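S.K.:
Protein chains: 2
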Amino acid sequence: MRGAKQPNIVFVFSDQQRYSALGANGNDVIQTPVIDAMAAQGMVCDNMFSNHPLCSPYRAILLTGRYGWQNLVIDNEYRPRRDIPTLPGTLRDHGYGTAHIGTWHLGKGPYGEDNRYGLDYLAALEGGSGYFNRSYYENNRGPTIYDGWGPTVETDLAVGFIERHMDTRPDDPFAVFVSWRPPHWPYEQYPDEHNLYNPVDMDVAGNVPDEMKAFAHQEIADYYGCCTGLDAEMGRLLQALERLRVSDNTIVVYTSDHGDHLSSHGYGKPSSHWMPESMRASKATPYEESCHVPFVVRWPGVIEAATRTDAFFGAIDIVPTLLGACGVPLPAGLQGRDISSVWRGDDAPADTDSTPGGADSVYLQNMAHGWPNRDGWVGRWRGVRTERWTYARWYANERRPWLFDRREDPLEMVNLADSTEARPALQELEERLHRWMEGTRDPFEYGRRGPRGFLELGQEFAEPDKYPGWGVA
Amino acid sequence: MRGAKQPNIVFVFSDQQRYSALGANGNDVIQTPVIDAMAAQGMVCDNMFSNHPLCSPYRAILLTGRYGWQNLVIDNEYRPRRDIPTLPGTLRDHGYGTAHIGTWHLGKGPYGEDNRYGLDYLAALEGGSGYFNRSYYENNRGPTIYDGWGPTVETDLAVGFIERHMDTRPDDPFAVFVSWRPPHWPYEQYPDEHNLYNPVDMDVAGNVPDEMKAFAHQEIADYYGCCTGLDAEMGRLLQALERLRVSDNTIVVYTSDHGDHLSSHGYGKPSSHWMPESMRASKATPYEESCHVPFVVRWPGVIEAATRTDAFFGAIDIVPTLLGACGVPLPAGLQGRDISSVWRGDDAPADTDSTPGGADSVYLQNMAHGWPNRDGWVGRWRGVRTERWTYARWYANERRPWLFDRREDPLEMVNLADSTEARPALQELEERLHRWMEGTRDPFEYGRRGPRGFLELGQEFAEPDKYPGWGVA
Chain A
177 MRGAKQPNIV FVFSDQQRYS ALGANGNDVI QTPVIDAMAA QGMVCDNMFS NHPLCSPYRA
237 ILLTGRYGWQ NLVIDNEYRP RRDIPTLPGT LRDHGYGTAH IGTWHLGKGP YGEDNRYGLD
297 YLAALEGGSG YFNRSYYENN RGPTIYDGWG PTVETDLAVG FIERHMDTRP DDPFAVFVSW
357 RPPHWPYEQY PDEHNLYNPV DMDVAGNVPD EMKAFAHQEI ADYYGCCTGL DAEMGRLLQA
417 LERLRVSDNT IVVYTSDHGD HLSSHGYGKP SSHWMPESMR ASKATPYEES CHVPFVVRWP
477 GVIEAATRTD AFFGAIDIVP TLLGACGVPL PAGLQGRDIS SVWRGDDAPA DTDSTPGGAD
537 SVYLQNMAHG WPNRDGWVGR WRGVRTERWT YARWYANERR PWLFDRREDP LEMVNLADST
597 EARPALQELE ERLHRWMEGT RDPFEYGRRG PRGFLELGQE FAEPDKYPGW GVA
Chain B
177 MRGAKQPNIV FVFSDQQRYS ALGANGNDVI QTPVIDAMAA QGMVCDNMFS NHPLCSPYRA
237 ILLTGRYGWQ NLVIDNEYRP RRDIPTLPGT LRDHGYGTAH IGTWHLGKGP YGEDNRYGLD
297 YLAALEGGSG YFNRSYYENN RGPTIYDGWG PTVETDLAVG FIERHMDTRP DDPFAVFVSW
357 RPPHWPYEQY PDEHNLYNPV DMDVAGNVPD EMKAFAHQEI ADYYGCCTGL DAEMGRLLQA
417 LERLRVSDNT IVVYTSDHGD HLSSHGYGKP SSHWMPESMR ASKATPYEES CHVPFVVRWP
477 GVIEAATRTD AFFGAIDIVP TLLGACGVPL PAGLQGRDIS SVWRGDDAPA DTDSTPGGAD
537 SVYLQNMAHG WPNRDGWVGR WRGVRTERWT YARWYANERR PWLFDRREDP LEMVNLADST
597 EARPALQELE ERLHRWMEGT RDPFEYGRRG PRGFLELGQE FAEPDKYPGW GVA
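Chains as they are written, first to last, in my numbering: chain A, 177 to 649; chain B, 177 to 649.
Right, here's the structure in full:
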């Protein structure tokens, strides 16, 4: 890459947008024309999964390229280790101007240099509720209230960063991470102009129980309204890149941190107190709706237009892939694979000892209860997903294993874990799972556990005074 | 009573109609004009509860006046002991012609004399689904298909029995039990003419979770349609009594075997496989919606018109009360109270050693899993309900106890079992519960248990070959 200016990165991710909630992924109900057009100019990665389908754990994986037992964000509300390389830090070390705008959820403001993990500029959404007129820390400053819809504000802040960067460091590349909070509930928090969906017309899947179908129709209508609103913001962002004449040398990604059940399989929300705790999740499960996320990447001149890949690709692979795409040497300790070769039209890399099965599966997990002061949730599990199968098992066997044959049962309705016919598949998947555990040095089976069964790894709360009496594990 | 012809009995009970599903009980959405008028001519018993809020156990209590550990119907699909007195048998011994028409659920046809528990005529709804064009055993005959809506057919069969009885035994009283299967699901099985309810107008309670509210609106609309259909059949039945000139000397009762959650507290149906088994019940819980049933009784010249009583009254009290009302001596072994004095305008009887607390509470229970071949359900519990409190606890403490203060929390949303403030109430209710256990010789705490925790009492399946391999306990 010597002599050529390295590509910029604009990495946009929404919160809780499932794979199916995108026109480019075959959904003909939702309207996402901008991202669909971006897909037509670039590549759709159809097998992108959130390895730990929960807010902070995904973000820590994206920041560090390591799983939670390495980065120490085992759950929401923990903070990443500060003694390991990060994606923005590595990019900065190689000449990039770095920024993150929007939801952060990996610390507490104000954000001084030692609290920013290599980011030159961190505009972090601060506490509060709803998605309008929210406040942000900007590094050490703030929090400052910005009027308007959060994603609109954040798009403006991102464009502002790029403009400042190009003014002051015109010869250096930039890497901007934009993290929009919608379509995470409250679903109705989006501008009226995107209220386009009639609940009765929504595509409610057969794995939504009859009792919740009408509710799901309404929720999905608003959820899609949020997604369409984000699509419009994506349009503003891409127009700014065009206006600033950087589109051609910028890798633009659109993805999400995890999916959303939206009542599939009868899962509710943490506030659904009538449900058993194990069902009060809309994510963090091994199900399709929870783990599978959109991933669209555009890189003019490198990625062939209108292509798709079914190469397996997890959140854990994003750091090495982006660094690899930009020609930045990979720091030691990354736990994923550089699949930028796929973006360039070549084969995916072969498995390594530390990514055993990465070529045809992803390793999935949930490490704790979603929030530190919760007594129970979906449980602590490890799983593996292949083109055909979904397999997961729980800590201390607190639930029976799950085995779904998505070829016969795409909606994951029939658990085959106890079936005689599926025993060979189960054994093969259990062996896969074990290879993943060993290759990633996952202490799931042997690690020291706290009173609630969380791994005790030396993790620290992002806000130590927020959960008095709960310890950290 | 010597010299006076004893009163006839027409005891009508629907299946799964909760207390609130009746105009006379303050519901201004449902239309039940006939039963409301009957209430205006008679008495509403506002504190009638199904002691064991499940189909067969209620029916066995109504048949024998004993709890399940005495009559051996611990659950659906078991048959009552044949060596104890029954309500129809006792009435027959004292000159009554006796009949039961409709749902029976306490045996298997054909029904010979030794299989009828003292009934001269048993027209028992036979297997099948839906509520139209069903077949019936009539004693040893059948099954015969009768076209039409089940309750209409059964009303005709009941009137036919009364006409035959009056033709052949004009000087003898009759006792007819009519058991209509609606409004038990499938809720949409009722004549179109009663499809009167717009789902959006239904009275969905605050204890129905948001996720299920729209579903509940639809279900309740059909449920009310069923109830209104039954009300019309009640009108036909009362008109027949009028035509036959027996209204004045007939005790007419309208009640139900138990209630229906209709999504309250998030409970579903056995077919709601997405739910944990403990929630797949729409009854058999200690909740208001499950236990509390309508009870309207009309007895011209004896019961004062347009009266209500809040005397506590359980299904267990129906046998002694009806026998007491008719001047028939009570057989030994009954476990309830004769509260016919209340019908006559006098005080309720005092407590006895075997009904300790009956004057101001009812004893509630669920003994097994609803269906013999089910591995789990709402659990096996005992409870007590007073004017203010609902209290229940489970076998082997498989769930934490429930304590609801219905004065502060009429929808039973806040379990106070762990609250310090409610500890005196909990202790008092636990003492009450224990008095009930001791007074009724309930083996809940000391009885021998089978592998699924059911009491082993020598019970027998109604259809022994229906559940091979499941034993009986």
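Virtual Cβ for every residue (Gly too), placed ideally from N, Cα, C. This one's a predicted model, so the numbers in the text were calculated from it and none came from an experiment.
Using a Cβ-Cβ cut-off of less than 7 Å, list which residues of the region 570-590 of chain B approach chain A; keep chain order.
M.R.: none
S.K.: So B/Arg-357 and B/Ala-638 are supposed to be a Cβ contact under 8 Å. How far apart are they, rounded?
M.R.: B/Arg-357 to B/Ala-638, Cβ: 17 Å. No contact.
S.K.: Output needed in chain order: residues of the region 437-461 of chain A with a Cβ under 7 Å from some Cβ in chain B.
M.R.: Ser-439, His-441, Gly-442, Gly-444, Ser-448, Trp-450, Met-451 and Pro-452
S.K.: Between A/Glu-465 and chain B, is there a C-beta pair that is closer than 8 Å?
M.R.: no
S.K.: Please go through the region 567-591 of chain B and give each complete beta strand (DSSP E) segment of 3 or more residues, from N-terminal end onward.
M.R.: 578-581
S.K.: Relative to the C-alpha of A/Asp-332, which residue among A/Arg-258, A/Glu-465, A/Thr-266 and A/Leu-417 is closest?
M.R.: A/Leu-417
S.K.: Between the region 569-578 of chain A and the region 473-491 of chain A, are three or more C-beta pairs nearer than 8 Å?
M.R.: no
S.K.: Where DSSP assigns a beta bridge to A/His-276, which residues make up the other side?
M.R.: As DSSP reads the structure, A/His-276 sits in a beta bridge with A/Leu-298 and A/Phe-353.
S.K.: Quick one: what's got a C-beta closer than 7 Å to B/Ala-300's C-beta in the same chain, skipping five residues either side?
M.R.: Trp-280, Gly-285, Tyr-287, Tyr-312 and Tyr-313
S.K.: Do B/Ala-351 and B/Thr-404 come within 8 Å of each other at the CB atom, strictly closer than that value?
M.R.: Contact annotation: B/Thr-404 and B/Ala-351 have beta-carbon atoms that are not nearer than 8 Å.
S.K.: Indicate whether A/Gly-546 and A/Ala-460 have their beta-carbon atoms separated by less than 8 Å.
M.R.: yes
S.K.: Ordered along the chain, which non-local residues of its own chain (more than five positions away) have a Cβ less than 6 Å from that of B/Gly-179?
M.R.: The pLDDT assigned to B/Gly-179 is 43, lower than 50, so where the model puts this residue is not dependable; a value taken from the coordinates is nonetheless given after this. Here the set comprises nothing.
S.K.: State yes or no: is the beta carbon of B/Gly-645 nearer than 8 Å to at least one beta carbon in chain A?
M.R.: Chain A, which has no Cβ nearer than 8 Å to the Cβ of B/Gly-645, makes this no.
S.K.: Ends of the beta strand (DSSP E) at B/Arg-317?
M.R.: 317-321
S.K.: Beta-carbon of B/Arg-178 versus every beta-carbon of chain A: anything under 8 Å?
M.R.: Per-residue confidence for B/Arg-178 stands at a pLDDT of 37, beneath the threshold of 50, marking its modelled position as unreliable; the derived number appears in the next sentence. Taking Cβ atoms only, chain A never reaches closer than 8 Å to B/Arg-178, which makes this a no.
S.K.: Are the region 313-331 of chain B and the region 621-641 of chain A touching by the rule of at least three beta carbon pairs closer than 8 Å?
M.R.: In this structure the region 313-331 of chain B does not lie against the region 621-641 of chain A, because fewer than three pairs of beta carbons, one per stretch, are closer than 8 Å.
S.K.: Around the Cβ of B/His-449, are there at least 16 other Cβ atoms within 10 angstroms (buried) or fewer (exposed)?
M.R.: Under this definition B/His-449 is an exposed residue.
S.K.: Shortest alpha-carbon distance to B/Ala-408 belongs to which of B/Val-429, B/Met-342 and B/Thr-328?
M.R.: B/Thr-328
S.K.: If we ignore side chains and look at the alpha-carbon of each, how far apart do A/Ser-516 and A/Ile-250 end up?
M.R.: When the Cα atoms are used, A/Ser-516 and A/Ile-250 turn out to be separated by approximately 27 Å.
S.K.: Would you decide whether B/Asn-374 is buried or exposed? Buried here means 16 or more other CB atoms lie within 10 Å of its CB.
M.R.: exposed
S.K.: Just to confirm the assignment, what range does the beta strand (DSSP E) spanning A/Trp-475 have?
M.R.: Per DSSP, A/Trp-475 belongs to no beta strand (DSSP E) and is neither H nor E.
S.K.: Identify, in the order they occur along the chain, each residue of the same chain with its Cβ nearer than 7 Å to the Cβ of A/Ser-537, setting aside the five sequence neighbours on each side.
M.R.: Within the same chain, Cβ atoms closer than 7 Å to the Cβ of A/Ser-537 are found at Phe-488, Val-560, Arg-561, Thr-562 and Arg-608, the five residues on either side in sequence being excluded.
S.K.: A/Asn-315: which of A/Ser-305, A/Phe-187, A/Leu-295 and A/Trp-646 sits nearest, CA to CA?
M.R.: Checking every option, the nearest Cα to that of A/Asn-315 belongs to A/Leu-295.
S.K.: Does any CB atom of chain B fall closer than 8 Å to the CB of A/Asp-386?
M.R.: yes
S.K.: Could you tell me whether the Cβ of A/Phe-308 comes closer than 8 Å to any Cβ of chain B?
M.R.: no
S.K.: Does any residue of chain B have a CB that is nearer than 8 Å to the CB of A/Ala-334?
M.R.: no
S.K.: Please classify B/Pro-367: does DSSP put it in a helix, a strand, or coil?
M.R.: coil
S.K.: Kindly indicate if chain A contains any beta-carbon less than 8 Å away from that of B/Ala-593.
M.R.: no
S.K.: Which ranges does the alpha helix (DSSP H) cover as unbroken runs of at least 4 residues, wholly within the region 510-534 of chain B, from first to last along the chain?
M.R.: 516-519
S.K.: Suppose the cutoff is 7 Å on Cβ atoms and the five residues either side in sequence are ignored; what does the same chain contact list for A/Met-342 look like?
M.R.: Leu-420
S.K.: Is there a Cβ of chain A sitting closer than 8 Å to that of B/Ala-397, yes or no?
M.R.: no
S.K.: Contact between the region 389-406 of chain B and the region 362-372 of chain B is defined here as three or more beta-carbon pairs at a separation below 8 Å; is this criterion met?
M.R.: yes
S.K.: Just verifying my parser: in three-state terms, what is the DSSP assignment at B/Trp-646?
M.R.: coil
S.K.: Any beta carbon of chain B sitting closer than 8 Å to that of A/Pro-390?
M.R.: Correcting the residue identity first, residue 390 of chain A is Ala in this sequence and not Pro. So, interface residue.
S.K.: Assess contact between the region 229-239 of chain B and the region 199-207 of chain B, defined as three or more Cβ pairs (one per stretch) separated by less than 8 Å. Is contact present?
M.R.: Too few Cβ pairs lie closer than 8 Å, so no.
S.K.: On the CB-based measure, 16 or more other CB atoms within 10 Å of its CB, does A/Glu-465 come out buried or exposed?
M.R.: buried
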